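Participant: Before I ask anything, let me first share the structure, which is written out below as structure tokens.
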Amino acid sequence: MVVLSEVDKDLTTKFYKTMVKIRTFEKNIERLSLEGEIPGFVHLYIGEEAIATGVCANLTKKDYIESTHRGHGHTIAKGADINRMMAEIFGRETGFCKGKGGSMHIADFSIGMLGANGVVGGGYNLAVGAALAIKYQGRKDVSVVFFGDGASNRGTFHEAANFASIFKLPVIFVCENNKWASTTPYRTTTSVENIADRAVGYNMPGVIVDGNDVFKVYKVAQEAIERARHGGGPTLIEAKTYRIKGHFVGDPEKYRTKEEVQEQFEKNDPIKNFKKEALDKGLMTREEMDEINEKTQKSLVEAIKFAKDSPFPDPSELYEDLYV
Amino acid sequence: MRKISFSEATREAMEEEMSKDDKIFVMGEDIARQGGIFGQFRGLPQKFGFERVKDTPISETAIIGTAIGAALAGMRPVADMHFADFMGVAMDEFFNQMAKIRYMFGGQCKLPLVVRAPDGLSIQGAAQHSQSIEAWFMHIPGLKVVIPSNPADAKGLLKAALRDDNPVIYFENKMLYPQKGPVPEGEYITEIGKAKVVREGKDVTLVSYSIKMQQALEVADILAKEGIDVEVIDLITISPIDKETILNSVKKTNRFAVLHEAVKQGGVGAELSAIVAEEALDYLDAPIVRIGAPFTPIPFSPTLENNYRINTEDVANKIRGMF
């Protein structure tokens with residue numbers, strides 16, 4: 187259990203800002219997608235905000251993250267500009283990837299965000315490789331890979347975990363166990379109750395944390411990251427959460443009841459719980475929170491305007507960037 | 006000129022480039038303590054240490070995936086695949102990650118890495134240790150694919166690959182390793198993306214690459230005695246294709262044949278033939294000839310493997326049939 191006084195006020199405010207930014211971003215994306223304004227598939231991070239926020243609060247721009255198809259939250263938490271993210275999701279030339287990636291392929295190399303990945307479980311080995319580079323270069327930075335419970339059944343997880351462990355690489359495996367692998371419930375496809383149990387097989391610490399509590403996630407990640415920075419090798423963190431939204435926007439969600447989702451959200455909404463705790467402990471005031479909410483919504487209006495005002499890439503851009 | 010083996014030539018390329026650029030490291034199965042199963046890395050760990058010449062677990066997915074990650078983070082990795090046949094294990098890393106990362110992220114990053122892949126028939130290696138799979142990779146935008154046929158190009162091409170800022174798949178035929186050939190002293194590279202006319206001729210263009218270049222030249226000798234003057238082109242780079250060299254030759258000779266050890270169906274020869282048909286059909290005086298392996302897995306038993314192999318007389322006959 188984390189004692190709140192260990193987390194200072196600035197950090198508390200930062201947590202709130204980041205989580206609200208992610209939530210507001212995603213709610214706008216959901217609306218725009220349903221309204222047909224955004225082409226392609228989008229996967230929302232709503233309900234899982236505490237994980238990216240708590241983990242990335244421990245990182246600098248020199249540290250790396252590898253993200254997933256459900257990657258907007260990681261990208262925002264790592265510090266990416268939401269205007270350029272929005273433009274990318276709208277397929278515009280001002281997007282991070284000049285409109286070539288879209289929602290599932292956002293990257294911002296300038297802040298160590300090495301990319302979302304459309305292939306489930308595609309990021310592990312890339313993150314481990316970045317950690318290998320860090321080691322060769324004698325740096326104290328770390329590499330973090332986010333993944334879901336479903337992705338932990340990919341062979342890539344097991345090869346990456348073994349590889350990271352034998353070479354003691356500075357990589358943190360952050361499993362966001364949101365109980366759903368696309369449309370399939372967790373325990374019907376996964377051999378263990380806790381993904382963290384799999385760490386034993388790779389001789390690394392495996393830690394379970396309440397993924398809906400940003401303070402706890404922060405603390406657990408801090409310990410793992412500090413260990414990695416000082417040559418202690420990899421850690422597997424399992425953050426337990428719940429996927430509030432469908433697999434993608436527009437998912438009819440026939441595989442679960444509305445009541446189940448509602449119950450989970452009421453009990454475990456990371457932002458609601460955070461608010462209560464921060465207000466109770468006097469770490470933030472309601473006015474401060476309201477101000478943040480308002481500013482964030484404004485910044486989203488601006489981001490959407492920026493995206494919509496941006497031109498689509500010139501058709502000739504199709505042939506650019508294939509080779510250096 | 007001095008003669009060294011194909012294997013030594015690749016080792017020289019690695020040694021020279023690793024001495025100049027400390028971002029280069031190499032990893033793979035059995036490459037450090039053993040020096041590579043074909044001895045192609047022997048001596049490198051002693052010179053550069055067991056960190057820069059790194060034995061990995063038997064995890065092809067991790068080898069390729071971590072090479073990509075390390076390249077993104079500023080290194081210039083070389084990944085050895087043990088046998089080209091095992092590339093299939095890491096196929097997602099090749100075609101969904103390596104080939105696309107630069108493009109789908111809008112050119113934000115470079116991906117300087119080399120994958121070394123020993124391929125081809127050896128002595129009864131059978132179905133899973135003998136294949137030539139270069140055609141798979143020419144179907145993937147974003148990769149460069151090279152395949153030397155002799156020690157001099159083995160060195161020059163590997164050096165070029167190690168300096169390239171794009172991912173390069175470097176196929177090296179297992180049976181070529183011990184073969185010696187002239188290799189210049191001093192600094193040179195073999196340009197990626199450029200085919201070479203290695204024997205000039207006026208009657209028919211025969212394009213080949215890798216170990217089959219030897220058979221192509223042998224056939225050219227045989228046919229020369231019969232009055233057929235064969236122009237032999239070493240393709241050297243599978244992707245991007247040097248269309249110009251091939252089309253220029255076809256426009257001169259008016260006949261086109263292609264020879265490779267890989268399966269004929271869907272092979273490199275199919276693509277080259279299509280290019281010739283699309284862009285130089287009017288120049289052709291005879292139907293295109295494609296020579297490749299039968300559409301079967303590679304069998305074990307010597308009698309079966311021999312029947313699978315493309316023999317010189319068959320190649321000569323097919324080209325004779327063009328006249």
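Heads up: the protein sequence lines correspond to chains C and V, in order. Per our numbering, the very first residue in the first sequence carries number 187; after that it's consecutive. Per our numbering, the very first residue in the second sequence carries number 6; after that it's consecutive. The C-beta atom is built at its ideal place from N, Cα and C for all residues, glycine as well. For clarity, every value in this text was computed on a predicted model and none was experimentally measured.
#1: By how many angstroms is the C-alpha of V/C114 removed from the C-alpha of V/E284?
#2: Give the interface partners of V/G100 over in chain C, defined as CB-CB distance under 7 Å, in chain order.
#3: Using a Cβ-Cβ cut-off of less than 8 Å, list which residues of the stretch 312-341 of chain C approach chain V; keep chain order.
#4: Have a look at C/D399, C/G432, C/V510 and C/H255 and flag the residue whose alpha-carbon is nearest the alpha-carbon of C/V193.
#5: Look at C/G287 and V/M109 and say whether their C-beta atoms are less than 8 Å apart.
#6: Taking Cβ to Cβ, would you say C/L220 is nearer than 8 Å to C/V393?
#7: Helix, strand or coil for V/L289, going by three-state DSSP, please let me know.
#8: Over what stretch of residues does the beta strand (DSSP E) that includes V/D85 continue unbroken?
#9: For a quick check, are the C-beta atoms of C/N214 and C/I411 less than 8 Å apart?
#10: In this structure, how does DSSP classify V/N178 when only helix, strand and coil are distinguished?
#11: Could you check whether the Cβ of C/V241 sits closer than 8 Å to any Cβ belonging to chain V?
#12: Please check if any C-beta of chain V sits within less than 8 Å of the C-beta of C/D507.
#13: What three-state label does DSSP hand C/A385 in the structure shown?
#14: Around the C-beta of V/M6, are 16 or more other C-beta atoms found within 10 angstroms, so that it is buried, or is it exposed?
#15: Under 8 Å Cβ to Cβ from V/P245, same chain only, skipping five residues before and after it: list those, please.
#16: Can you look up V/C114 in the DSSP assignment and give me helix, strand or coil?
#17: For the stretch 191-203 of chain V, which residues have a CB atom closer than 8 Å to at least one CB atom of chain C, in sequence order?
#18: Taking 8 Å as the threshold (beta carbon to beta carbon), is C/F349 in contact with chain V?
#19: Using a 10 Å radius around the Cβ and a threshold of 16 neighbouring Cβ atoms, would you call V/T258 buried or exposed?
#20: Which residues of chain B have a Cβ atom closer than 8 Å to the Cβ of V/N171, listed in chain order?
#21: So, for C/N348: in the same chain, excluding its five sequence neighbours on each side, which residues have a beta-carbon less than 6 Å away from its beta-carbon?
#22: Give me the Cα-Cα distance between V/G79 and V/I145, rounded to the nearest whole angstrom.
#23: Can you check which of these residues, C/E234, C/F211 and C/S289, is closest to C/N459 by C-alpha distance?
#24: Figure out for me which residue from C/N364, C/L508 and C/A313 has the closest Cα to the Cα of C/R429.
#25: Should C/D196 go down as buried or exposed, given a rule of 16 or more other Cβ atoms within 10 Å for buried?
#26: For a contact meaning CB atoms closer than 8 Å, what does V/F30 contact in chain C?
#27: Spatial neighbours of C/E252 within its chain, please: C-beta separation below 8 Å, excluding the five flanking residues on both sides.
#28: Do you know how far the Cα of C/V406 is from the Cα of C/M187?
#29: Measuring CB atoms only, is the stretch 159-171 of chain V touching the stretch 115-122 of chain V, in the sense that at least three cross pairs come out at less than 8 Å?
#30: Measure the beta-carbon distance from V/V151 to V/A166 and round it to whole angstroms, keeping in mind my assumption that it falls under 8 Å.
#31: Report all residues from its chain with a CB closer than 7 Å to the CB of C/G281; omit the five preceding and five following residues, and keep chain order.
#32: Could you tell me which chain C residues have their CB closer than 7 Å to the CB of V/T66, listed as they occur along the chain?
#33: Consult DSSP for V/S10 and reduce its assignment to one of helix, strand or coil.
#34: Give the DSSP-derived three-state secondary structure of V/I138 in the structure shown.
#35: Does any C-beta atom of chain V lie closer than 8 Å to the C-beta of C/G432?
#36: Kindly give me the distance between the Cβ atoms of V/F176 and V/D124, rounded to whole angstroms, as I take these residues to be in contact under 8 Å.
Facilitator: Looking at the coordinates:
#1: Taking the first residue of the second sequence as 1, we reach residue 284 of chain V at position 279. Taking the first residue of the second sequence as 1, we reach residue 114 of chain V at position 109. Going from the Cα of V/E284 to the Cα of V/C114 covers about 35 Å.
#2: Reading the second sequence from its first residue, position 95 is the one you call residue 100 of chain V. Residue identity differs from the one stated: residue 100 of chain V is Phe in this sequence, not Gly. Correct list: empty, because the minimum Cβ distance to chain C is about 10 Å.
#3: Those would be L312, A313, V314, G315, A316, A317, L318, A319, I320, Y322, Q323, S329 and G341, in chain order.
#4: By one-based count along the first sequence, residue 193 of chain C stands at place 7. Cα-wise, what sits closest to C/V193 is C/D399.
#5: As a first step, residue 287 of chain C must be located in the first sequence, where it is residue number 101. As a first step, residue 109 of chain V must be located in the second sequence, where it is residue number 104. Yes, Cβ-Cβ distance for C/G287 and V/M109 is below 8 Å.
#6: Translated into the one-based positions of the first sequence, residue 220 of chain C becomes position 34. Translated into the one-based positions of the first sequence, residue 393 of chain C becomes position 207. It is not a contact, given that the beta carbons lie outside the stated cut-off.
#7: For the purposes of this step, residue 289 of chain V is taken as residue 284 along the second sequence, with counting starting at 1. In the structure shown, V/L289 sits in coil (DSSP, three-state: anything other than H, G, I, E or B).
#8: Position 80 of the second sequence, counting from 1, holds the residue named residue 85 of chain V. R81 to D85 is the span of the beta strand (DSSP E), which, as asked, contains V/D85.
#9: Taking the first sequence and counting its residues from 1, one reaches residue 214 of chain C at position 28. Taking the first sequence and counting its residues from 1, one reaches residue 411 of chain C at position 225. For C/N214 and C/I411, no; Cβs fall outside 8 Å.
#10: Residue numbering aside, residue 178 of chain V sits at position 173 when the second sequence is read from its first letter. Reduced to three states, the DSSP call for V/N178 is strand.
#11: Taking the first sequence and counting its residues from 1, the one referred to as residue 241 of chain C is at position 55. No - not a single Cβ of chain V is within 8 Å of the one on C/V241.
#12: For this step, residue 507 of chain C is matched to residue 321 along the first sequence. With respect to chain V, the C-beta atom of C/D507 has a partner C-beta closer than 8 Å.
#13: As a first step, residue 385 of chain C must be located in the first sequence, where it is residue number 199. Residue state, collapsed to three classes: helix.
#14: Working through the second sequence from its first residue, we reach residue 6 of chain V at position 1. Around the beta-carbon of V/M6, fewer than 16 other beta-carbon atoms lie within 10 Å, marking it exposed.
#15: The residue you call residue 245 of chain V lines up with position 240 of the second sequence. Closer than 8 Å at Cβ, skipping near neighbours: K149 and G198.
#16: For the purposes of this step, residue 114 of chain V is taken as residue 109 along the second sequence, with counting starting at 1. Coil.
#17: none
#18: As a first step, residue 349 of chain C must be located in the first sequence, where it is residue number 163. So yes, C/F349 belongs to the interface.
#19: Walking along the second sequence from the start, residue 258 of chain V turns up at place 253. Buried is the label assigned to V/T258, since at least 16 other Cβ atoms lie within 10 Å of its Cβ.
#20: Judged by its chain identifiers, the structure shown contains no chain B, and its protein chains are C and V.
#21: Counting from one through the first sequence, the residue named residue 348 of chain C turns up at place 162. When the five nearest sequence neighbours on each side are left out, the beta carbons in the same chain lying within less than 6 Å of the beta carbon of C/N348 are those of Y388, in order along the chain.
#22: Within the second sequence, numbered from 1, the residue matching residue 79 of chain V stands at position 74. Within the second sequence, numbered from 1, the residue matching residue 145 of chain V stands at position 140. Cα to Cα, V/G79 sits roughly 24 Å from V/I145.
#23: Counted from its first residue, the first sequence places residue 459 of chain C at position 273. Checked all of C/E234, C/F211 and C/S289; the closest Cα to C/N459 is C/E234.
#24: Here residue 429 of chain C is taken as the residue at index 243 of the first sequence, counted from 1. C/R429 has its Cα closest to that of C/N364, out of C/N364, C/L508 and C/A313.
#25: Residue numbering aside, residue 196 of chain C sits at position 10 when the first sequence is read from its first letter. In this structure C/D196 is exposed. Its beta-carbon is surrounded by fewer than 16 other beta-carbon atoms within 10 angstroms.
#26: The residue labelled residue 30 of chain V in the question sits at position 25 within the second sequence. Those within 8 Å of V/F30 in chain C are Y322.
#27: Taking the first residue of the first sequence as 1, we reach residue 252 of chain C at position 66. Once the five neighbours on either side are set aside, the close Cβ partners of C/E252 are L300, G301, N303, G309, Y310, L312, A313, A316, S329, V330, V331 and F332.
#28: What you label residue 187 of chain C is simply residue 1 of the first sequence in a count that begins at 1. What you label residue 406 of chain C is simply residue 220 of the first sequence in a count that begins at 1. Low local confidence applies: a pLDDT of 43 at C/M187 is under 50, so the model's placement there is unreliable, and no value is given.
#29: yes
#30: Numbered from 1 along the second sequence, position 146 holds the residue referred to as residue 151 of chain V. Numbered from 1 along the second sequence, position 161 holds the residue referred to as residue 166 of chain V. Correct: roughly 6 Å between the Cβ atoms.
#31: Within the first sequence, numbered from 1, the residue matching residue 281 of chain C stands at position 95. Contacts found: R270, A273 and E274.
#32: In the second sequence, counting from the first residue as 1, residue 66 of chain V sits at position 61. Going along chain C in sequence order, the residues near V/T66 (Cβ under 7 Å) are N311, G341, T342 and E345.
#33: As a working mapping, residue 10 of chain V is identified with position 5 in the second sequence. Correct three-state label for V/S10: strand.
#34: Taking the second sequence and counting its residues from 1, one reaches residue 138 of chain V at position 133. In this structure, V/I138 counts as coil in the three-state DSSP scheme.
#35: The sequence position of residue 432 of chain C within the first sequence is 246, counting from 1. So no, C/G432 is outside the interface.
#36: Here residue 176 of chain V refers to the residue found at position 171 of the second sequence. Here residue 124 of chain V refers to the residue found at position 119 of the second sequence. About 5 Å; that satisfies the 8 Å criterion.
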